[in-house]
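The block underneath contains the structure these notes are about, expressed in structure tokens.
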RNA sequence: GCCACCUUAGCUCAACGGCAGAGCAAACGCUUCGUAAGCGUUAGGUUUUGGGUUCAAAUCCCAAAGGUGGCUCCA
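Numbering (the working numbering), first residue to last: 6 to 665.
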């Protein structure tokens, strides 16, 4: 076994085949799931984070690794390294694997690489490709390999690890040292690599690669923030120029509908450095959207037996010492606030507060389950480099609920939670989901609680998923520190993956807080907690909705549902009258009384994605009608005001995606 | 937090060592118009902030703040 330049280093988000799990962690009846094992494709997610890297889950599997595309990208990485070394002779090369949609290579550079450098390197890559050089494979001993890479400290480190036989390319322990190390050479460049590669650069289309589409980026050597910071150059490579153009177009589209851009255009939210980075300010239109979501979910939860609770934004530090949040997440919390002799923390999580509500009374088994729900705002000191629009912020609101249940109730309650989440997403028209069961990483010591409790919790989640017939993938290292979880990963219209809802089974916090209830036999028993949040962070969720819908929300969520546009100023009075009637029917309506001409108003309002534009002129005024134009540009013509109101109100009440 | 890049009018951008400009938005005026942007006028700036180099700095250098792309982290 040889070390590869494309070392698939072990990532937290590594998905394992169930068969590879310790039997104690996973029941044998777990159905096999498709392995998703390419590095960087799926990362751990929580309430508040960047998109899971994009891509087709179906292509992430083993077949990608065997594909021509994979070889093209892998080989392109080598070619880029060759060209980079010609541009920067003092550069040291690190690793350069294929990834989804492309490849990268990490370098230690004598000076930053600029746009001109990238252009030069890209052109040089095309020259090399046109040279038709073969990729030649050879095997050497570790000593020969060291001689070949004199001065290349990163390669030498990789060779040493391979030769010592301590780890394989995934960072996992192996039984013995590698006896042979393999090289690939094209033209003048040789890299430590186990392949596979294309037979010749002639297999690569020089017009189907690009490295100038993305700026150089920083990356830590071996992903370790304590080690050297390298320069990562990303590239993308496809089989045909058309595929490349389509990919670049997809990036453009994602950029165009970036929620930060669309949010600004629609006037939904803003940020102020004076308030603080990562602290979103909701403008009236954004707040209406958010409030609509909140009120709806609140009602759905009440209908399903949840009890509203309200808790403060700060809490005594000792509360979080008991829960374990403070010691565990000390570095990503705002510093404690000193008050008199005590320290308080801006609340980083809602669960401890809800636990204290549970604990405030003696609980009987007759009282359970207790389902506490709160739109709880939490504050986390996210690293400044991580902040991103609404999707990664420092203050956000979680549609949080904590269910305190008996062991007998656990399965049914868990299943009911999953069904509620599914109902919520399907109502919103979000359909493309996969489920992920995040379990402990057996090699990590970052978790609290006994193995037995973890097994029980994991077993409960898996059993519930099985009984629901919910297909899922199991991922190691994806659990919360107190328990395993079930995450719903949503794929948006641009095929990007986002983690949304999460459900967690927790035996540990009840133990840490010594929660009890009195059972039927008069013994004291410990309840189990279910943590769940369909949206997760409201901020992040709305950011995702903005990008998914491109700002054209379903009418029931649209900040402005209808705009009345008078044909001339003479019709302004009639427009106001119509607007009043719509308002009385509960619709969100505005009159565009500006000085612009009608055509311009239509142009502006359609950019705002207002579902219904109501044109009113002299003819409408005489007939008591409105002329309805949809944001899809469909013209429904004139209809009686009452008829429009009835239709629109019904569509809004039904939370329909349709506009007629 | 780390690496790289960016910051000019409310927004999007130009000027790149020699008088700080345009489009959109705004205010005012003309136009009163039937489904994708009518015309004109006015106003808007200590070029993010603080130092430095220079006869001269938006432009070059240093630092800070904020932002962007990545890395790392994420209850």
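Glycine is no exception: its CB is placed at the ideal position from the N, C-alpha and C atoms.
Predicted, not measured: the structure shown is a model, and the values here were computed from it.
Bounds of the alpha helix (DSSP H) holding residue 430 are 412-432. Looking at the backbone, the Cα of residue 537 and that of residue 196 are separated by about 48 Å. Assignment of residue 206 by DSSP, reduced to helix, strand and coil, places it in the helix class. Around the beta carbon of residue 278, a 10 Å sphere encloses fewer than 16 other beta carbons of the protein chains shown; the residue is thus reported as exposed. Distance from the CA atom of residue 413 to the CA atom of residue 534, rounded to whole angstroms, is 13 Å. Within the same chain, 486 come within 7 Å of residue 333 by CB-CB distance, once the 5 residues on both sides are set aside. Taking one beta carbon from each stretch, the region 506-524 and the region 354-369 have 3 or more pairs nearer than 8 Å; the two touch.
Within its own chain, the residues whose Cβ lies closer than 7 Å to the Cβ of residue 391, once the five positions on either side in sequence are excluded, are 397, listed in chain order. Separation of residue 226 and residue 342 (C-alpha to C-alpha, rounded to the nearest whole angstrom) is 37 Å. In this chain, residue 653 is not harboured by any beta strand (DSSP E); it is covered by the alpha helix (DSSP H) spanning 646-658. Straight-line measurement puts the Cα of residue 249 at about 19 Å from the Cα of residue 203. Secondary structure of residue 613 (DSSP, three-state): coil. Looking at the backbone, the Cα of residue 524 and that of residue 438 are separated by about 39 Å. Collapsing the DSSP output to three states places residue 355 in coil. Residue 490 sits in a strand when the DSSP states are folded into three classes. Counting C-beta atoms within 10 angstroms of its own C-beta, residue 344 has fewer than 16 neighbours from the protein chains shown and is therefore classed as exposed. Sequence-distant Cβ neighbours of residue 125 in its own chain, meaning closer than 7 Å and more than five residues away, are 92.
Listed in chain order, the non-local C-beta contacts of residue 71 below 7 Å within the same chain number zero, local neighbours out to five positions each way being set aside.
The beta carbon of residue 294 lies closer than 6 Å to those of 562, 564 in the same chain, with the five residues before and after it left out. Remark: C-beta atoms of residue 167 and residue 186 approach each other more closely than 8 Å. Residue 472 places its beta carbon 8 Å or farther from that of residue 424.
Ranked by Cα distance from residue 527, the first of 490, 491, 369, 192 is 369.
The C-alpha of residue 448 is placed about 31 Å away from the C-alpha of residue 239. In this structure residue 406 touches residue 376 by the C-beta definition: roughly 6 Å separates them, less than 8 Å.
The alpha-carbon separation between residue 467 and residue 457 amounts to approximately 15 Å.
Around the C-beta of residue 480, 16 or more other C-beta atoms lie within 10 Å, and the residue is accordingly described as buried. With respect to residue 403, residue 383 sits close: the two C-beta atoms are nearer than 8 Å. Here the alpha carbons of residue 665 and residue 659 stand approximately 12 Å from one another.
Under DSSP, residue 528 takes part in no beta bridge, so it has no partner. Where residue 89 is concerned, the enclosing alpha helix (DSSP H) starts and stops at 73-92. A straight line joining the alpha-carbon of residue 349 with that of residue 319 spans about 6 Å. Between residue 512 and residue 484 a beta carbon distance of about 12 Å is seen, past the 8 Å cut, so the two are scored as non-contacting.
Counting C-beta atoms within 10 angstroms of its own C-beta, residue 102 has 16 or more neighbours from the protein chains shown and is therefore classed as buried.
Residues 480, 483, 484, 489, 490, 492 of the same chain have their beta carbon placed closer than 7 Å to that of residue 443, with the five preceding and five following residues left out of the count. Pairing residue 140 with residue 191 gives a Cβ-Cβ distance under 8 Å.
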